[in-house]
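Numbering (our numbering), first residue to last: 442 to 628.
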Amino acid sequence: MNPAWPSGRPMDESCWSDAEYCRATENWYCASKTEAESKAFEFGKANGLDVVSACPNLIFGPILQPTANASSLLLAKLLKEGHDLEDNRHHRIVDVRDVAEALVLVYEKPEAQGRYICTSHSVHVKDIVDILKDEYPSYNYPKNFTDGQQKKEMSSEKLQRLGWSYRSLQETLVDSVESYKKAGLLD
């Protein structure tokens, strides 16, 4: 959430959300995440602690709990609600298992320092629906999509240099849906 970031330049660890912009647009989630991360780094510096952060985007993948979270609700709605027109928003997605592996990696690697962007796939909603339709054709998908938002790429290159890798988007989506079915979220 940084409107001042240069268009066409992939966002990396030097790109922080603009807290004032987040407040002005009432994006309290981004504002709180930005402030918490900033305060953690300030505290670490003031107290001689090494603080390392992993910054994931929209997290999909198998759920552990029997109830929906915000991310699983987003995906479940695409499978069930069948809107005539769906906003073809752009999302940067990462699998929860890949986030867990990233957290272990930045904890265990002594050379890890600072921030790490943790994202793996940059897609529009229609791309997600197309993958899901191939795997699960009988769900009630959106019928049409608005023109897609311009993609704003993010780079996880710094995290990959530590040895991080990620699952395919198809694996993430299929494993998400299977866990939602098991939890009864798609009934």
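Yeah, the Cβ is synthetic: ideal placement off N, Cα and C, and Gly gets one too.
Just so you know, the alpha carbons of residue 480 and residue 575 end up roughly 44 angstroms apart. The DSSP-derived three-state label of residue 485 is helix.
Ranked by Cα distance from residue 470, the first of 448, 487 and 499 is 499. Ranked by how close their Cα comes to the Cα of residue 567, the residues 541, 507 and 520 have 520 in first place. As DSSP reads the structure, residue 527 sits in a beta bridge with 586. The C-beta of residue 528 has fewer than 16 other C-beta atoms within 10 Å across all chains shown, which makes the residue exposed. Under the three-state reduction of DSSP, residue 559 is assigned to strand.
Beta bridge pairing from DSSP links residue 500 with 535.
Listed in chain order, the non-local C-beta contacts of residue 594 below 6 angstroms within the same chain comprise 451 and 563, local neighbours out to five positions each way being set aside. Distance from residue 597 to residue 561 at the Cβ level is roughly 7 angstroms; contact confirmed, criterion being Cβ atoms closer than 8 angstroms. Distances from the alpha-carbon of residue 586 to those of 569, 602 and 579 put 569 closest. Annotation: the continuous alpha helix (DSSP H) that includes residue 617 extends over 610-624.
Between the alpha carbons of residue 509 and residue 446 lies a gap of roughly 33 angstroms. Spatial neighbours of residue 454 in its own chain (CB-CB distance under 7 angstroms, excluding positions within 5 residues in sequence) are listed in chain order as 555, 556, 557, 558 and 599. Per DSSP, the unbroken alpha helix (DSSP H) holding residue 463 starts and ends at 460-465. Its Cα nearest to that of residue 503, the residue 513 stands out among 497, 588, 531 and 513.
Taking every protein chain shown into account, the CB of residue 467 has fewer than 16 other CB atoms within 10 angstroms, so this residue is exposed. For residue 570, the enclosing alpha helix (DSSP H) has its first and last residue at 566-576.
Contact between residue 485 and residue 546 does not hold, since their C-beta atoms are separated by about 19 angstroms, which reaches or exceeds 8 angstroms.
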